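Enquirer: Got a structure here, written out as structure tokens. Questions coming.
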Amino acid sequence: MEKIPLGKVSEIAAGRAKSYRAMGKDLIVVNTGDGLRGYVNFCTHMGGKLRCTGDVLECDWHGGQFDCKTGVAVPDAGGAPEGSELEKIEIAVEGDDLFWLYAPKKSPWALD
Ligand code: FES
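Shown next, in the form of structure tokens:
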């Protein structure tokens, strides 16, 4: 597992989110006021980008919404399929430093 530096925790106020790009992926980390949550910034509908609007992450493309604390789609909100979930990422905090604990997925064709 690799520890990828993302930024400073103090840059994300409660109720806000910050986007990052690391290891070829768009990520978003939300300060829920009850801790930080990290997700791949890729809507479950068609891959639109998400932004924080209070308690939800909202998709710019068709208005899909996801609960900031769980990443689960809010029913009947835009195009996000009901019951779908954002891909969570593991994050770590050391002092004011925020890291993504990156574990590359193994290829199904790997020989080892
Ligand atoms: S791509 Fe996000 S709601 Fe359609």
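In the working numbering, the protein residues as written are 15 to 126. Ideal Cβ positions, reconstructed from N, Cα and C, are used throughout, including at glycine. In this text the structure is predicted, and so the values were computed from the model without any measurement.
I'd like to confirm something about C57: is its beta-carbon nearer than 6 Å to some heavy atom of ligand 2, or not?
Expert: No copy of ligand 2 occurs in the structure displayed; its ligands are ligand 1 alone.
Enquirer: Compare the C-alpha of K22 against each of L115, K119, E108 and A124 and name the closest.
Expert: E108
Enquirer: Which residues mark the beginning and the end of the beta strand (DSSP E) in which A106 is found?
Expert: I105 to E108
Enquirer: Consult DSSP for V88 and reduce its assignment to one of helix, strand or coil.
Expert: If DSSP states are grouped into helix, strand and coil, V88 belongs with coil.
Enquirer: Just to check my reading of the structure: G93 and G77 have Cβ atoms closer than 8 Å, yes? What is that Cβ distance to the nearest angstrom?
Expert: 7 Å
Enquirer: Strictly by DSSP, which residues pair up with N45?
Expert: L50
Enquirer: Which partner residues of R65 appear in the DSSP bridge assignment?
Expert: Its beta-bridge partners are E72.
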